[in-house]
Amino acid sequence: MAIAGVWPEVFSHNHVTRQCAMSPVLDYLLRDTYKSHPKVLRQVQCVLQRLCSWDTRQTTVQPEKLLKTLYEKLLFHFANEKHSLNPGYIFEVSKAIELLLIYQGAAWTMGNFTQRILLSLAMKWEHNGDTEKGPSPELVVAMMGVFRAVIAVQPLLVNSPKMISQIFERFIDRKSTNMSVELAYVNALLEISPYNPEKCLDLLRKWQDNNKGKVPNQTFSNFLQVRTMLSQKSGRGRDSKR
36 MAIAGVWPEV FSHNHVTRQC AMSPVLDYLL RDTYKSHPKV LRQVQCVLQR
86 LCSWDTRQTT VQPEKLLKTL YEKLLFHFAN EKHSLNPGYI FEVSKAIELL
136 LIYQGAAWTM GNFTQRILLS LAMKWEHNGD TEKGPSPELV VAMMGVFRAV
186 IAVQPLLVNS PKMISQIFER FIDRKSTNMS VELAYVNALL EISPYNPEKC
236 LDLLRKWQDN NKGKVPNQTF SNFLQVRTML SQKSGRGRDS KR
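Right, here's the structure in full:
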């Protein structure tokens, strides 16, 4: 309620742009959370209606359709607003996707976001890169940002590292002149490296070799820290087996 109070236009169904992203997600979360407590739901909706003109007549949308709609909002924005991107709008839609994924849980995220959206992006990037036929670089950066935010609070599944390694391998296999995209997936790869250290380090070394002289100091420093941490972890593992 506090967020809605200071950010009412984002939660309003009457937002002037008619492109509101956060309110449908919040509406779904509320309806799903309080589906067994209709009285509480009505009270919460009443508060939101007064804070930001909440439309309580909206019907519940399935989470899969909701994710698809949010993703298509970004696709449309990046395709049609190339020269006038709206950072605030991109931020809002990305946060709406993050909220939905975190609420739905790791298994749902793996099946509906990682395997469908991220893998599809990786395959398109592998074949077309940042050409007109490839995905928008800004879209890749945005989705990597969503991925990093979600894994920060949501544990990966047992089979996640293998799938994620396949995704990042496709990105790294495609050389690009767009460093913002490369840094987006490399920073994400650094964060998931503890889950699959050998494969992740192999991919990071491959990327580093392909970008000699172009790796930013901060990224190189992060790479060294992760490599040292994983080496120490591996050493402790070997010691415990002796």
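Using my numbering, read the sequence shown as starting at 36 and increasing by one per residue.
We put the CB at the ideal spot given by N, CA and C, even for glycine.
Predicted model only: the values in this text are computed from it and were never measured.
Rounded straight-line distance, which links the Cα of residue j to that of residue i
{"i": "residue 129", "j": "residue 182", "result": "10 Å"}
{"i": "residue 261", "j": "residue 127", "result": "31 Å"}
{"i": "residue 265", "j": "residue 67", "result": "40 Å"}
{"i": "residue 167", "j": "residue 69", "result": "45 Å"}
{"i": "residue 251", "j": "residue 241", "result": "16 Å"}
{"i": "residue 119", "j": "residue 71", "result": "44 Å"}
{"i": "residue 253", "j": "residue 82", "result": "45 Å"}
{"i": "residue 65", "j": "residue 243", "result": "45 Å"}
{"i": "residue 117", "j": "residue 245", "result": "29 Å"}
{"i": "residue 110", "j": "residue 247", "result": "32 Å"}
{"i": "residue 75", "j": "residue 263", "result": "51 Å"}
{"i": "residue 267", "j": "residue 123", "result": "41 Å"}
Cut-off 7 Å between Cβ atoms - residues of its own chain near residue i, not counting five sequence neighbours on either side
{"i": "residue 96", "result": "59, 63"}
{"i": "residue 178", "result": "152, 153, 156"}
{"i": "residue 215", "result": "172, 176"}
{"i": "residue 160", "result": "169, 170, 175, 205, 206, 209"}
{"i": "residue 147", "result": "99, 102"}
Buried versus exposed, by CB contacts within 10 Å (16 or more), residue i
{"i": "residue 175", "result": "buried"}
{"i": "residue 80", "result": "buried"}
{"i": "residue 217", "result": "buried"}
{"i": "residue 234", "result": "buried"}
{"i": "residue 163", "result": "exposed"}
{"i": "residue 231", "result": "buried"}
{"i": "residue 239", "result": "buried"}
{"i": "residue 112", "result": "buried"}
{"i": "residue 61", "result": "buried"}
{"i": "residue 236", "result": "buried"}
{"i": "residue 191", "result": "buried"}
6 Å CB neighbourhood of residue i in its chain, flanking five on each side removed
{"i": "residue 132", "result": "105, 181"}
{"i": "residue 98", "result": "139"}
{"i": "residue 144", "result": "136"}
{"i": "residue 73", "result": "none"}
8 Å CB neighbourhood of residue i in its chain, flanking five on each side removed
{"i": "residue 149", "result": "182, 195, 198, 199, 202"}
{"i": "residue 249", "result": "214"}
{"i": "residue 158", "result": "205"}
{"i": "residue 121", "result": "112"}
{"i": "residue 142", "result": "192"}
{"i": "residue 125", "result": "109, 112, 173, 177"}
{"i": "residue 114", "result": "171"}
Heavy atom of the ligand SAM within 7 Å of residue i beta-carbon
{"i": "residue 78", "result": "For the ligand SAM, the structure offers nothing, since it holds no ligand at all."}
Beta carbon proximity, residue i to chain D, threshold 8 Å
{"i": "residue 214", "result": "The chain labelled as chain D is not found in the depicted structure, where only one protein chain is given."}
| query | Contact between the region 221-229 and the region 257-266: three or more CB pairs below 8 Å? | reply | yes
| Just checking, does the region 224-236 make contact with the region 183-200 on the three C-beta pairs under 8 Å criterion? | yes
| field | Cβ contact check for the region 131-139 and the region 102-109: 3 or more pairs under 8 Å | value | yes
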